[in-house]
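Residue numbers (the working numbering): 732 to 1160. A virtual CB, placed ideally from N, CA and C, is assigned to each residue, including glycine. Taking it in order: structure first as C-alpha cells, then the write-up.
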C-alpha cells in the first residue's frame, strides 16, 4: 500500500462513537476505486469519472472528485446535504491494466443495479480482491521483457546477432531491476543503474565484435524502460484540458529519460572507447513487421496484466497500427503523418472493442501504441544533453515531442469520434 494522507470533513460527524456510517463506507469505496485506477496507470479523468459514478450509484446525492498524479480527493454529499471529504496522497504507481478493467467492470455493475439497495459489503470485497490480485511471476516477466527486446531489435532493422544480444541483455536487465527494487532504492537511482548496465553490456558486445554496433541493442533494450508511453499520456492529458496532470507526467517522463541518459553516459565515461547511440532505421517488410509488432505488443500487454483474450486484440491493433505507420510514412514521406495515422487506427479499433466488451479503451490503447511510441527519441534527446551536444539535443527533442503529439492527437481524434457516435446513438434511441 502507498503512503497516504487522509483528511475527513464531516459537517455532522457520525463517527464520534467509532461506528462507520454507510455514507463513510460509500466515500471510502468510491475513493479506493479511483485510487486503484491511478496507481495502475489510468488517466486522471478516468479516476475522477469512476469515483463520481461509484459514489452516486451507491447512494450519494452528489460527488465531486479532483485527481492529480499524486493526489486523489473526493467529496460526497448525502441526502441530508451533509458533506464528507477524503484526501489520499499516492507515491507508488505502476501499469496494471487488468485492475483498471476490473474496477471499470465494477462501476458498470453498480450503474446497472443502482435502483436496487446498495450492497456495500460486496463492493468492498470486490475492491479488496482487485487490490490483492497476485502479479505475474518473476520468470514470466523476465521472459516477456527479453522477448519484447528481441522483437524491437528486428523492428529497428537489427541483425539476428543484435536481436540475440538484446534478448540476453533484456533478461539480465530485468533480473537486475528485481534485485535493485528489493533494496528499496529510489526509482531515479534504479533507472540510472539500469541505463549504465545496458550501456556497458551493449557497448562491450560491440567491442567484442558480437554485433556491428551498440545503438540497435541499446535502444531495443531501453524501450522497456524509456518513458515514451508516459510522454504520450502526458500530451493526452494536456489535450483533454488537464494541464496539471499533463505537466506532472511530462516532467516525470523527462526525469526518467535523464536518469537513463546519465547511466548510458556513465558507460562512456567508464569505457571511453564504447560506441555511442546512432539513429535507427525500421524494418519495412510487411509480414515480418506485422509479426514482430504483434509479439512485442503481446509481451507488453501480458506484462500489463490484461486477460489473454484482450492480449490478442491489443496485439492485433498494435500490429495493424504499426503497419499503417510504416505505409503512411513511406508513401507520404512524413513520419509524423505516419504516427498520427497509426495511432488513429489503434484508437478506433480500441474504442469499438471497448464498447462491445464493456471495457475501458485504454486496455487496448496503451499496449497498442507501444511499437511506435518515441521512447528511443526521448532517450537520444537526453543522451545528447548529457554529452553537451545542445543543437543535436534540441533537434531530437523537437522531433520526439512532435511524434508524441501526433500519437496523442490520433488517439484524441479516435476518442472524439467514438463519443460522437455514442451520443448520436443515444439520441436516436
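- With 16 or more other Cβ atoms from the protein chains shown falling within 10 Å of its own Cβ, residue 1041 counts as buried.
- Counting only residues of its own chain and dropping the five nearest sequence neighbours on each side, residue 878 has a CB closer than 6 Å to the CB of 1030.
- Annotated as proximal: residue 803 and residue 819, with beta-carbon spacing under 9 Å.
- Around the beta-carbon of residue 774, 16 or more other beta-carbon atoms lie within 10 Å, marking it buried.
- In the three-state DSSP reduction, residue 895 falls in the helix class (H, G or I).
- Fewer than three Cβ pairs drawn from the region 971–985 and the region 921–941 lie within less than 8 Å of each other, which leaves the two stretches out of contact.
- Note that the C-beta distance between residue 882 and residue 1027 is below 9 Å.
- Around the beta carbon of residue 908, 16 or more other beta carbons lie within 10 angstroms, which makes this residue buried.
- Residue 1087 is classed as exposed because its beta carbon has fewer than 16 other beta carbons within 10 Å across all chains shown.
- Here residue 1139 has 963, 966, 967 and 970 as same chain residues with Cβ atoms under 7 Å from its own Cβ, once five neighbours each way along the sequence are excluded.
- Between residue 810 and residue 792, the C-beta spacing is below 9 Å.
- The residues 1145, 1148 and 1149, in chain order, have a CB closer than 8 Å to that of residue 1079 in the same chain once the five nearest residues on each side in sequence are set aside.
- If you compare the alpha carbons of 902, 760 and 828 with that of residue 854, the shortest gap goes to 760.
- In this structure, the alpha-carbon of residue 896 lies about 33 Å from that of residue 1062.
- Apart from sequence neighbours up to five positions away, the residues of its chain that approach residue 905 with a beta-carbon distance below 7 Å are 872, 873 and 876, ordered along the chain.
- Here residue 806 is bridged, per DSSP, to 795 and 816.
- If you draw a 10 Å sphere on the C-beta of residue 898, you find 16 or more other C-beta atoms in it, and that means buried.
- Counting along the chain, no alpha helix (DSSP H) covers residue 888, and no H or E run does either.
- Nearest in C-alpha terms to residue 1035, of all of 826, 856 and 751, is 826.
- Counting only the Cα atoms, residue 870 lies some 34 Å from residue 1055.
- Residue 864 sits close to residue 829, with the two beta carbons spaced by under 9 Å.
- Nearest Cα to residue 1066 within the set 1048, 1099, 1105 and 1083: 1105.
- Fully enclosed alpha helix (DSSP H) runs of no fewer than 4 residues occupy 828–843 and 851–862 of the region 827–870, in order along the chain.
- Looking from the CA of residue 751, the closest CA among 778, 787, 815 and 1059 belongs to 815.
- When the Cα atoms are used, residue 1091 and residue 993 turn out to be separated by approximately 36 Å.
- Of the residues 1047, 868 and 862, the one whose Cα lies closest to the Cα of residue 1073 is 1047.
- CA-CA distance, residue 821 to residue 949, rounds to 32 Å.
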